């Protein structure tokens with residue numbers, strides 16, 4: 001039950017933040033590329049990498065008990081906040097829309113670009129955090 | 134005219150939907166742990182593909198009703214931006230892929246992302262196709278229909 005609440009609260013906050021940030025970015029950008037969704041996805045992936053890095057570092061230094069202690073934080077921040085902040089469904093719809101309106105290169109750029117940059121951002125988050133801690 | 138993303142009530146609806154969608158996503162991951170699927174992040178894959186299908190369906194079904202009204206906008210923001218935005222996740226996809234690559238499982242990582250992207254795209258297209266039918270769908274010729282919501286305003 002506590003886990004559910006942690007995820008729901010984090011997820012609600014994340015979704016709201018996504019809505020606001022995406023809206024702000026949209027109002028400042030032109031052209032077809034969905035910079036708003038791209039940004040929240042990359043940012044959220046960077047943050048989840050940092051959270052994962054913290055947990056990895058704690059596990060390496062102090063063992064499984066430390067990892068278990070961090071579980072509520074993982075649920076709230078990774079599963080909840082990052083999970084609510086990022087979105088696969090919106091990114092996909094936007095790519096499909098671009099493709100259907102004939103802007104295939106933008107569609108591909110969005111699909112592949114989002115994948116590559118989010119994984120890279122996540123890897124960066126993990127690498128930097130595990131290096132520091 | 135305050136834009137939607139600066140209206141507290143609409144942000145609140147997105148938050149509510151996002152909480153529900155995230156909770157549902159977590160429930161799926163609990164029910165489908167990776168260990169039972171041979172290391173494949175099956176839960177996230179399923180969530181993202183199903184979510185892409187449902188969002189395609191929802192947005193198409195809503196746009197077929199003509200110009201967006203305050204009510205249909207609330208529906209779109211709560212269910213689409215909120216619930217489905219919360220139900221699907223790119224951060225988990227990115228982390229799972231990164232972990233697979235870090236663990237030397239490049240082939241699994243490639244298969245996983247391919248399945249997600251292809252599956253998600255196909256599912257989305259299918260959802261759009263289904264959303265264009267059924268009750269409430271405007272079957273008049275395109276020229277007679279009320280102008281639909283501009284593409285840039287949807288899928289927020």
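Residue numbers (this note's numbering), protein chains in the order written: chain V, 1 to 133; chain C, 134 to 289.
Glycine included, every Cβ here is placed at the ideal spot set by N, Cα and C.
A quick note: this is a predicted structure, and the numbers were derived from the prediction, not measured.
_Less than 8 Å between CB atoms is the rule here; does residue 33 (chain V) satisfy it with respect to chain C?_
no
Per-residue DSSP class, three states only, for residue 201 (chain C)
Coil, per DSSP.
Q. Any beta-carbon of chain C closer than 8 Å to the one on residue 74 (chain V)?
A. no
For this session: Under 6 Å Cβ to Cβ from residue 117 (chain V), same chain only, skipping five residues before and after it: list those, please.
Result: 42
Q) Should residue 254 (chain C) and residue 96 (chain V) be called a contact, given that it needs their Cβ atoms to be closer than 8 Å? A) yes
> Interface residues of chain V around residue 243 (chain C) at Cβ under 9 Å?
Replying inline: The premise fails here: residue 243 (chain C) is roughly 11 Å from chain V at the closest Cβ pair, so nothing lies under 9 Å.
### 8 Å Cβ cut-off: residues of chain C touching residue 24 (chain V)
138
### Task
Could you tell me the distance, in whole angstroms, from the CA atom of residue 94 (chain V) to the CA atom of residue 217 (chain C)?
Residue 94 (chain V) and residue 217 (chain C): Cα-Cα distance of roughly 14 Å.
(message) Please report whether the beta-carbon of residue 108 (chain V) lies at a distance below 8 Å from any beta-carbon of chain A.
(response) Included in the structure are the protein chains V and C, with no chain A among them.
Checklist entry - Taking the alpha-carbon positions, what's the residue 137 (chain C) to residue 164 (chain C) distance? => result 36 Å
Identify the contact partners of residue 114 (chain V) in chain C, using a Cβ-Cβ distance below 8 Å as the criterion.
The answer, in chain order, is 223.
Q | Proximity test, Cβ basis, 8 Å: residue 48 (chain V) and chain C | A | yes
Close Cβ partners of residue 46 (chain V) (< 6 Å) along its chain, the five nearest in sequence each way excluded: Taken in chain order, the residues that qualify are 121, 125.
### Message
Counting only C-beta atoms, is residue 126 (chain V) closer than 8 Å to chain C at any point?
### Response
yes
Please report how far the alpha carbon of residue 27 (chain V) lies from the alpha carbon of residue 92 (chain V), in whole angstroms. Going by the C-alpha atoms only, they are around 21 Å apart.
Contact list for the stretch 153-178 of chain C against chain V, Cβ threshold 9 Å: So the close ones are 153, 154, 155, 156, 158, 159, 160, 162, 163, 177.
inquiry  = 8 Å is my cut-off, CB to CB: does residue 86 (chain V) come that close to chain C?
reply    = With 8 Å as the cut-off, residue 86 (chain V) counts as an interface residue toward chain C.
To the nearest angstrom, report how far apart residue 256 (chain C) and residue 67 (chain V) are at their CA atoms.
36 Å
- [ ] Note the first and the last residue of the continuous alpha helix (DSSP H) segment covering residue 29 (chain V).
- [x] No residue range can be given for residue 29 (chain V), since it is assigned to no alpha helix (DSSP H) and is classified by DSSP as neither H nor E.
Fill in: Cross-chain neighbours of residue 215 (chain C) in chain V, by beta carbon under 7 Å
15
CB contact flag (residue 241 (chain C), residue 172 (chain C), <8 Å) | Yes, the pair counts as a contact, with Cβ atoms nearer than the cut-off.
* Taking the C-alpha atoms as reference points, what is the distance between residue 16 (chain V) and residue 174 (chain C)? -> 26 Å
- Query: Is it buried or exposed for residue 71 (chain V), if we count other Cβ within 10 angstroms and need 16 for buried?
  - Reply: exposed
Exercise for review: Consider the Cβ of residue 12 (chain V): report whether some Cβ of chain C lies at a distance smaller than 8 Å.
Suggested key: yes
- Round the Cβ separation of residue 39 (chain V) and residue 222 (chain C) to the nearest angstrom and send it over; I've been treating them as touching at under 8 Å. At roughly 16 Å, the Cβ-Cβ gap does not stay under 8 Å, so residue 39 (chain V) and residue 222 (chain C) are not in contact.
**Q.** Option nearest residue 6 (chain V) by Cα separation, candidates C:166, C:153, C:211, C:234
**A.** C:153
Query raised in the report: So, are the CB atoms of residue 146 (chain C) and residue 249 (chain C) less than 8 Å apart?
Result: no
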